Amino acid sequence: YLNFGEYYGMVLEIKPVALELMQEETQDALIDLFARGLRRLTQEQSAMIIKSRRPVRFDEFLKNDDEKYNLLNRLYEQGYYTEGELFARNEIFRERVAFLQNAMNAEPILQDFFYLVVFGGDKTNLEETVIGITNDLRAGQNNLKSHILYNKELVVFLKSNYKEVFSEREAD
255 YLNFGEYYGM
265 VLEIKPVALE
275 LMQEETQDAL
285 IDLFARGLRR
295 LTQEQSAMII
305 KSRRPVRFDE
315 FLKNDDEKYN
325 LLNRLYEQGY
335 YTEGELFARN
345 EIFRERVAFL
355 QNAMNAEPIL
365 QDFFYLVVFG
375 GDKTNLEETV
385 IGITNDLRAG
395 QNNLKSHILY
405 NKELVVFLKS
415 NYKEVFSERE
425 AD
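All the letters of the sequence shown, read from the start, carry residue numbers 255 to 426 under my numbering.
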């Protein structure tokens, strides 16, 4: 929760979708999901859509590559790859890691993030509303990926609204 003294707020991150690339029926279905979620707001509640930008974190990409590299070595030890195949794949990993490390040290690449912040005076009703909105957005065949921010993610959201370029590692 965000505590504003007389009222509270909860933040829901909504993953962006490229509506213009979708068929009209799919567009309408997603808009209906979003509208259904907003209709959950009571008269005592309000909401705000916020777009923020923050640097892409390449740490997770490096972590995933480390896991894949370790798997590759285990498979080699089990006889699934020859030494030549292992060497060829090692070169690919080295290039990827070098690219990611350069990207981490270069000018930050900014990514857009979208949020729905819901405000209300009663914590329990606020939480029920936000959970309901989340469920509405996830309903149906075509859904909007979303989740409620807590703890570290909430800190990152707040920081990204006050400072465009910052290190998310500060929130760890």
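All C-beta atoms, glycine included, are put in the ideal place defined by N, C-alpha and C. As the structure is a computational prediction, the values presented were derived from the model and not from experiment.
Discussion item. Using 8 Å as the cut-off, can you tell me whether the region 288-308 makes contact with the region 371-387, which would need three or more C-beta pairs spanning the two stretches below that distance?
Written reply: yes
Worksheet item: So which of E382, D366, V410, V384 has the shortest CA-CA distance to K269?
Response: D366
Item to complete: Grab the span of the beta strand (DSSP E) containing Q365 for me, first residue to last.
Response: 364-374
Worksheet entry | Simplified DSSP assignment, three categories, for G263 | strand
Worksheet entry | CA-to-CA distance, G333 to L485, given in whole angstroms | What is shown of the chain runs 255 to 426, which leaves residue 485 out entirely.
Worksheet item: Does the region 272-286 come within contact of the region 375-390, defined as at least 3 CB pairs closer than 8 Å?
Response: no
Worksheet item: Going straight from the alpha carbon of G291 to that of D390, what length do you get?
Response: 6 Å
Worksheet item: Going by C-alpha distance, which of E339, F353, E267, E260 is nearest D313?
Response: F353
Worksheet item: Taking E381 as the reference, which of V265, G259, F258 has the closest Cα?
Response: V265
Discussion item. Quick check on the DSSP output: the beta strand (DSSP E) that includes R308 runs from which residue to which?
Written reply: 300-309
Fill in: R311 to A272 span [Cα, whole Å]
22 Å
Discussion item. I need the straight-line Cα distance from Q355 to I285, nearest angstrom please.
Written reply: 39 Å
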